[in-house]
Amino acid sequence: MTDLVRLALACGARKAALLAGDRVVLNEEFRKICENGGCGNYGRCHTCPPYIGPIGELMARVRSFESAMLYQSICPIADCFDFEGMMEAGAFHAQISRRIGRALSDRGKEYLHLSGGGCHLCPVCAQKEGLPCRHPDEALLPLEGYGVDVYRTAQATDLAYQNGIDTVTFFGLVLYRE
Ligand code: SF4
Numbered sequence: 000m001t002d003l004v005r006l007a008l009a010c011g012a013r014k015a016a017l018l019a020g021d022r023v024v025l026n027e028e029f030r031k032i033c034e035n036g037g038c039g040n041y042g043r044c045h046t047c048p049p050y051i052g053p054i055g056e057l058m059a060r061v062r063s064f065e066s067a068m069l070y071q072s073i074c075p076i077a078d079c080f081d082f083e084g085m086m087e088a089g090a091f092h093a094q095i096s097r098r099i100g101r102a103l104s105d106r107g108k109e110y111l112h113l114s115g116g117g118c119h120l121c122p123v124c125a126q127k128e129g130l131p132c133r134h135p136d137e138a139l140l141p142l143e144g145y146g147v148d149v150y151r152t153a154q155a156t157d158l159a160y161q162n163g164i165d166t167v168t169f170f171g172l173v174l175y176r177e
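Sequence positions in the sequence shown follow numbering that gives the first Met the number 0 and run 0 to 177.
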């Protein structure tokens, strides 16, 4: 098991796997999903579009890294209508991502860390109040906002995109240079 995979598991991820940076599948169409209100956070969070910049620049940044580590959390929910359970699963995943982010920043190397499910750090994002981000060092950047096609990227690994009925799976991605 590699060092980064071990780190992700120690931070609470259920599974993690390495892949070459060019196996990360990108698609600028994801920005349209954001703009059309896919998750409802467009223009409502500092780390979401349009505030994070043009999709072309963000995808170029992803491509500037030669290696990647994909990780996932898997949580049980009551059923597919369990909105509260899904929100709790998203908050749980954000906790794992934040632990990973802190562990990475202690290493003093350059990483690009993207996560799914939204920032979730503040009960109400400061953007909605017209204020600067309260925790810029801990805010989570969005996978889809950077154009990452998680479903097709996961196919390059042994991480399943779905993990059974009545579960919800979230992903995170760490990009790095060897
Ligand atoms: S840390 Fe708080 S203010 Fe900053 S992007 Fe996340 S939710 Fe918004």
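For glycine and all other residues, C-beta sits at the position ideal for the given N, C-alpha and C.
> Looking at residue 172 and residue 103, is the spacing between their C-beta atoms short of 8 Å?
Replying inline: no
>> Checking the sheet assignment: what are the DSSP bridge partners for residue 154?
In response: Paired residues: none, contrary to the question.
> Can you list, in chain order, the residues of its chain whose CB lies under 8 Å from that of residue 99, leaving out five sequence neighbours each side?
Replying inline: 6, 7, 10, 12, 70, 112, 171, 173
>> Less than 8 Å between the beta carbons of residue 66 and residue 115, yes or no?
In response: no
> Could you give the C-beta distance for residue 27 and residue 55, rounded to a whole number, given that I count them as a contact under 8 Å?
Replying inline: 7 Å
> Considering only residues of the same chain and omitting the five flanking positions on each side of residue 39, which have a CB-CB separation below 6 Å?
Replying inline: none
> Hey, residue 44 and residue 117 are a contact pair by Cβ (cut 8 Å); roughly how many whole angstroms apart?
Replying inline: 7 Å
> Considering only the beta carbon of each residue, do residue 4 and residue 18 sit closer than 8 Å?
Replying inline: no
> Under the DSSP definition of a beta bridge, which residues are partnered with residue 164?
Replying inline: Per DSSP, none; premise fails for residue 164.
>> Is residue 13 close to chain C? Criterion is C-beta to C-beta, closer than 8 Å.
In response: Protein chains in the displayed structure number just one, and chain C is not present.
> Looking only at C-alpha atoms, which of 144, 119, 142, 143 sits nearest to residue 132?
Replying inline: 119
> Span of the alpha helix (DSSP H) holding residue 95?
Replying inline: 82–104
> Thinking just about the alpha-carbon of each residue, which of 155, 30, 68, 148 is nearest to the one in residue 175?
Replying inline: 68
>> Taking 8 Å as the threshold (C-beta atoms), are residue 155 and residue 22 in contact?
In response: yes
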